[in-house]
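Shown next, in structure tokens, is the structure this report addresses.
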Amino acid sequence: MIVNRLDEARLAHCVDELADLLIDTVDGGASIGFLAPMDRAAAVAWWKERVGAVAAGHLAVWAAYDGRRALGTVGLAFPDKPNSRHRAELVKLMVHRDARGQGLGRRLLGTAENAARSAGITLLHLDTETDSPAERLYGSAGWTRAGVIPDYAADPAGVLRPTTLYYKRLGATPATR
3 MIVNRLDEAR LAHCVDELAD LLIDTVDGGA SIGFLAPMDR AAAVAWWKER VGAVAAGHLA
63 VWAAYDGRRA LGTVGLAFPD KPNSRHRAEL VKLMVHRDAR GQGLGRRLLG TAENAARSAG
123 ITLLHLDTET DSPAERLYGS AGWTRAGVIP DYAADPAGVL RPTTLYYKRL GATPATR
């Protein structure tokens, strides 16, 4: 499995296959901000909207490929305020249902953490649905649970669920972002 960082052009080129991944992830029950069933046009539009953020340097996206299709993604969202340039938010860690349970989520997480460290980021944060498989991943990867917010977001079925906030302190290397 190959994990590549997607620049603006590559992301724009891959929106259709990334839309397929987004649809599979949402329809598989992952609470990543969308309701099921996921509309294909909405999934394509969402990825197209990310292209500008990548071009502006506000978002970094990695995708994992098995040679035929994208099986996973992860992103880092970088704040634009001067007082927060030391941190980033881990966003949209997605793994296709066909690839779950094989360590891809952990690999994508490690890729994002290493890239953040190399960019001089010293603090990462995220939120994830409480009691989800993703929560177990973050806890086992050394992330610290900061707290729970009740009724934070609707899951893919439309039911309000709590979210758990996590953070991870990183040892930074010289910035290359």
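Each residue of the sequence shown is one higher than the last, beginning at 3 in my numbering.
The C-beta atom is built at its ideal place from N, Cα and C for all residues, glycine as well.
Subject >> Of the residues T124, T113, R163, R70, the one placed nearest G35, counting alpha carbons only >> reply: Nearest C-alpha to G35: R163.
Original post:
By the 10 Å Cβ neighbour count, where 16 or more other Cβ atoms means buried, how is T146 classified, buried or exposed?
Top reply: Per the 10 Å Cβ criterion, exposed.
Original post:
From what residue to what residue does the beta strand (DSSP E) around A156 run?
Top reply: Per DSSP, A156 is one residue of the beta strand (DSSP E) stretching across 146-156.
Subject >> Neighbourhood of D18 by C-beta distance below 8 Å, restricted to the same chain and skipping five residues each side >> reply: Contacts found: V46.
Subject >> Nearest-angstrom Cβ-Cβ length linking R171 and L128, presumed shorter than 8 Å >> reply: Under the criterion of beta carbons closer than 8 Å, R171 and L128 do not qualify as touching, at roughly 13 Å.
Original post:
Among E10, I4, D41, which has the Cα closest to the Cα of I25?
Top reply: Put simply, of E10, I4, D41 the residue whose alpha carbon is nearest the alpha carbon of I25 is D41.
**OP:** May I have the straight-line CA-CA distance separating L8 from G149, to the nearest angstrom?
**Re:** Rounded to the nearest angstrom, the gap between the Cα atoms of L8 and G149 is 32 Å.
Subject >> 8 Å CB neighbourhood of T113 in its chain, flanking five on each side removed >> reply: For T113, where only same-chain residues beyond five positions count, the Cβ hits under 8 Å are V5, W64, V76.
**OP:** Have a look at N85 and A57 and give me their C-alpha separation to the nearest angstrom.
**Re:** The alpha-carbon separation between N85 and A57 amounts to approximately 22 Å.
Subject >> C-alpha gap between G160 and T132, whole angstroms >> reply: Answer to the nearest angstrom: the Cα atoms are 15 Å apart.
Subject >> Span of the beta strand (DSSP E) around V5 >> reply: It spans 4-8 - the beta strand (DSSP E) in which V5 sits, taken as one unbroken run.
Original post:
Along the chain, which unbroken stretches of the alpha helix (DSSP H) at least 4 residues long are found entirely within the region 16-71?
Top reply: Listed in chain order, the alpha helix (DSSP H) runs fully inside the region 16-71 are 17-29, 42-58, counting runs of at least 4 residues.
**OP:** Return helix, strand or coil for R102, following the three-state DSSP convention.
**Re:** When secondary structure is reduced to three states using DSSP, R102 falls in the coil class, being assigned neither helix nor strand.
Original post:
Should I151 be labelled buried (16 or more other beta-carbon atoms within 10 Å of its own) or exposed?
Top reply: Exposed, since its Cβ has fewer than 16 Cβ neighbours within 10 Å.
**OP:** Can you check the region 104-146 for any beta strand (DSSP E) of at least 3 residues that lies completely inside it and give the ranges in chain order?
**Re:** Counting whole runs of 3 or more residues, the region 104-146 contains the beta strand (DSSP E) stretches 125-131.
**OP:** Determine the contact status of G74 and L13, defining contact as a CB-CB distance below 9 Å.
**Re:** Not a contact, by the Cβ cut-off of 9 Å.
**OP:** Rounded to whole angstroms, what's the CA-CA distance from R70 to G30? Just pull it up for me.
**Re:** If I take the Cα positions, the gap works out to 20 Å.
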